[in-house]
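First comes the structure, then the notes that go with it.
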Amino acid sequence: MSEALLASESGGADAATASAPGSSGARQFWRRLRTQRAALVAGAIVALLVLVALAAPLLTALEGQDPTTYHPELIDSARGGVPVGSFGGMSAEHWLGVEPQTGRDLFARLVFGARVSLGVALVATLLQVTLGIVIGLASGLGNRWVDLALSRATDVMVALPLMVLALALLAVVPSDFPRPVLVALVIGVVGWGGVAKIVRAQTISLKALDHVAAARLSGWRGVSVARRELLPALAAPVITYSALLVPANITVEAALSFLGVGVKPPTASWGQMLTSADVWYQAAPQYLLLPAGTLFVTVLALTVLGDGVRTALDPRAASRLRVGTKRAGKGAAS
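What follows is the structure, encoded as structure tokens:
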């Protein structure tokens, strides 16, 4: 009932058609996504990165290394700690070479860093989306005073600079608290404002529709109205925004670790690796290029995939990334 009524209303047509939970809606979404070659390639890259992160212990065991063991014999102390050998000490035992000064295996730290960077970003995104949906729905469905209070709180969270507030919070927490968990919590708690504003705006638009008004007049509680009538129609904008939040959170985690308040050694993360790599870009460039290149590819792939998901969920919106996509008219016609 909800999807049919939503489709018949001009204000809620896009949300309903994009969020239809049935198999036909999933088939339409997949058919639209397949027309975007760049999004498919980006999705394959993201899937490969997630697989590498999950299989990090297996991959490092196959190499025969781990991310924390020092190898001083592979470091030339006479040259200031530069790895011995060509290409940063690459060999059959160390596939991507070793770190300057410490001799720790770069491949092991890179794949274990993927677990931390991707894990922090995904947990932070989940927390942002959960808080944003709850607060946005409460604001949109609440009375005037509830809406006013929650809207002003949301405006404050959006206006606050995320990096500055995260730096302040991370600096005062005891160092023995698990740092990856702390970084994910801080990013999630600070960054929910954008999701809440989107959910509130959509909720105010949707609750004026006939089927939502009828449900409220029939005595349904706010939770039942939100779960049965609003959440299906909110799926499309929330999923779209979430797909774009993940690369942003990866960048924030990397920046916090680079500034020294994020993930601490010996735990490996891409941002933490960049923290100590900036002084080695001439003597051992691979130490800087490997984590920086991996971070760049990951953020780019997630951004392209997020744009593809947005376009597939809302066929009336043209893709903002023209490379590897078909024209909007063809995508909408399919």
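Using this note's numbering, you'd call the opening residue of the sequence shown number 64 and step up by one each time. Using N, Cα and C, we set each Cβ at its ideal position, and we do this for glycine too.
- Remark: C-beta atoms of Gly182 and Pro243 approach each other more closely than 8 Å.
- DSSP, read as helix, strand or coil, puts Gln91 in helix.
- Cβ-Cβ separation between Val309 and Leu245: approximately 19 Å, too far for a contact (criterion under 8 Å).
- By the C-beta criterion, the stretch 209-229 is judged not to be in contact with the stretch 270-281, since fewer than 3 inter-stretch pairs fall below 8 Å.
- Secondary structure note for Pro354: its alpha helix (DSSP H) is the uninterrupted segment 348-376.
- For Asp210, the enclosing alpha helix (DSSP H) stretches over residues 207-222.
- Taking a C-beta distance under 8 Å as the contact criterion, Ala119 and Ala187 do not qualify as a contact pair.
- With fewer than 16 neighbouring CB atoms inside 10 Å of its own CB, Pro348 falls in the exposed class.
- Under DSSP, Val288 forms no beta bridge with any residue.
- Across the set Gln335, Val109, Ala296, Val342, the C-alpha of Gln335 shows the shortest separation from the C-alpha of Val315.
- When secondary structure is reduced to three states using DSSP, Pro130 falls in the coil class, being assigned neither helix nor strand.
- Between the stretch 132-142 and the stretch 157-169 there are three or more C-beta pairs closer than 8 Å, enough to call the two in contact.
- Under the three-state reduction of DSSP output, Pro146 falls in the strand class.
- In this structure, the beta-carbon distance from Leu173 to Thr361 does not fall below 8 Å.
- Per the coordinates, the alpha-carbon of Leu319 lies some 8 Å from the alpha-carbon of Met226.
- Non-local C-beta neighbours of Gly127 in its own chain, meaning closer than 8 Å and more than five positions away in sequence, comprise Glu156, ordered along the chain.
- Contact annotation: Val324 and Leu185 have beta-carbon atoms that are not nearer than 8 Å.
- By the neighbour-count criterion, in which a residue is buried when 16 or more other Cβ atoms sit within 10 angstroms of its Cβ, Trp93 is exposed.
- Checking the DSSP bridge columns, you'll see Asp168 partnered with Val161.
- DSSP places Gln191 within a helical segment (H, G or I) once states are collapsed to three.
- The Cβ neighbour count for Gln265, taken over all protein chains shown within 10 Å, is at least 16; the residue is labelled buried.
- DSSP, reduced to helix, strand and coil, places Gln345 outside both helices and strands of the structure shown, so it counts as coil.
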